[in-house]
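Everything in the sequence shown is counted per this note's numbering, starting at -16 for the first residue and increasing by one. Worksheet: one structure, shown below.
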Amino acid sequence: MRGVAVVLIVALDPPAGTNVGEWIASRYEALKDIVQGFKLGLPAIVKHGIDSISKCFSDYEGLLIADLKLADIGDVMAEVVKWLKNLGINGVIAHGFVGYRGGVEVLARTCREAGVKLILVVSMSHEGSAEFIDKHLDGLIELAKAVDSWGVVAPATRPNVIRYVRARLGSDMVILSPGVGAQGAEPGDALCAGADYEIVGRAITRAENLREAALNVIRQQKEKVSKCRG
-16 MRGVAVVLIV ALDPPAGTNV GEWIASRYEA LKDIVQGFKL GLPAIVKHGI
34 DSISKCFSDY EGLLIADLKL ADIGDVMAEV VKWLKNLGIN GVIAHGFVGY
84 RGGVEVLART CREAGVKLIL VVSMSHEGSA EFIDKHLDGL IELAKAVDSW
134 GVVAPATRPN VIRYVRARLG SDMVILSPGV GAQGAEPGDA LCAGADYEIV
184 GRAITRAENL REAALNVIRQ QKEKVSKCRG
């Protein structure tokens, strides 16, 4: 993870008025061999159904993350994870603010048993994250460590937060960073701050040439990382 490699996850968030299934399938086919994973957002899942969407990825061996930002009691989240696993999802994003006891405790155990990567949100890319979530950043980091989650989400738009999270986590846990492109961060910014993956959506998925756009992001990542890491 720490070297100059392909560390790009594409966020699949179809715009309004599109055929969701066709839109996702076309982007998957164009990008599946050059990126390390895909993230399916809640709007796409609600509009088209995870069952229908998952058929596009039936032969895919990379990261396939359901970004549901789960935030419920543990038993409910556990049932969702079991359902996602049966549909081929191998990663799920959840909120940690529901707490450990009867919440993330149960979710983490279920993810381990199901072989699904648990990714906990410790900070978000929008300004409002500072109002509530970021005030509990230390606690959310400690929770992620306590349940040994596979990774955490920290925003590419605020490299200082990524650096802080990396310092607190050490090198063992993965950091995934959204906010590259349309939200303002440049490719490679989050990686140089300590992230392992950058999540890019519209800058790639709404480009005229999907592969060219993705390869351009990868090129920029590698150039920036080679400079900042020497």
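Where a beta carbon is used, it is the ideal one built from N, C-alpha and C, also for glycine.
- Cβ contact check for the stretch 88 to 98 and the stretch 137 to 144: 3 or more pairs under 8 Å: no
- Is residue 15 helix, strand or coil when you go by DSSP? Taking the sequence shown and counting its residues from 1, the one referred to as residue 15 is at position 32. Here residue 15 sits in coil by DSSP.
- Item | Neighbour-count burial assignment, residue 109, 16 or more Cβ in a 10 Å radius | Counted from its first residue, the sequence shown places residue 109 at position 126. It is exposed - the Cβ of residue 109 has fewer than 16 other Cβ atoms within 10 Å.
- Query: When we look at the beta-carbon of residue 22 and count the other beta-carbons within 10 Å, is it buried (16 or more) or exposed?
  - Reply: As a first step, residue 22 must be located in the sequence shown, where it is residue number 39. Result: buried.
- Item | From 197, 59, 37 and 204, residue whose alpha carbon lies closest to that of residue 87 | Along the sequence shown, one-based indexing puts residue 87 at 104. Minimum Cα distance to residue 87 is reached at 59.
- Where residue 211 falls, given that 16 or more other Cβ within 10 Å makes a residue buried: Within the sequence shown, residue 211 is the residue found at index 228, counting from 1. Flag for residue 211 reads exposed.
- Query: Helix, strand or coil: which one does DSSP assign to residue 209?
  - Reply: Within the sequence shown, numbered from 1, the residue matching residue 209 stands at position 226. Three-state DSSP puts residue 209 in a helix.
- Quick one: what does DSSP say residue 154 is sitting in, helix, strand or coil? Reading the sequence shown from its first residue, position 171 is the one you call residue 154. It is coil, neither helix nor strand.
- Message: Starting from residue 74, trace the alpha helix (DSSP H) in both directions and tell me its first and last residue.
- Response: Counting from 1 along the sequence shown, the entry for residue 74 is found at position 91. From DSSP, residue 74 is part of no alpha helix (DSSP H) but of the beta strand (DSSP E) over 74 to 78.
- Query: My guess is that residue 66 and residue 100 are in contact by the Cβ rule of under 8 Å, so how many angstroms apart are they, rounded?
  - Reply: Residue numbering aside, residue 66 sits at position 83 when the sequence shown is read from its first letter. Residue numbering aside, residue 100 sits at position 117 when the sequence shown is read from its first letter. In fact, because the Cβ distance is near 16 Å, the residues do not count as touching under 8 Å.
- Rounded to a whole number of angstroms, what is the C-alpha to C-alpha distance between residue 200 and residue 115? For this step, residue 200 is matched to residue 217 along the sequence shown. For this step, residue 115 is matched to residue 132 along the sequence shown. C-alpha separation (whole angstroms): 32 Å.
- Message: If I measure Cβ to Cβ from residue 254 and keep anything under 8 Å in the same chain, skipping five residues before and after, which residues do I get?
- Response: This structure cannot speak to residue 254, because the chain is shown only from -16 to 213.
- Message: Measuring straight from C-alpha to C-alpha, what distance separates residue 161 and residue 185?
- Response: Within the sequence shown, residue 161 is the residue found at index 178, counting from 1. Within the sequence shown, residue 185 is the residue found at index 202, counting from 1. So the alpha carbons of these two residues sit roughly 11 Å apart.
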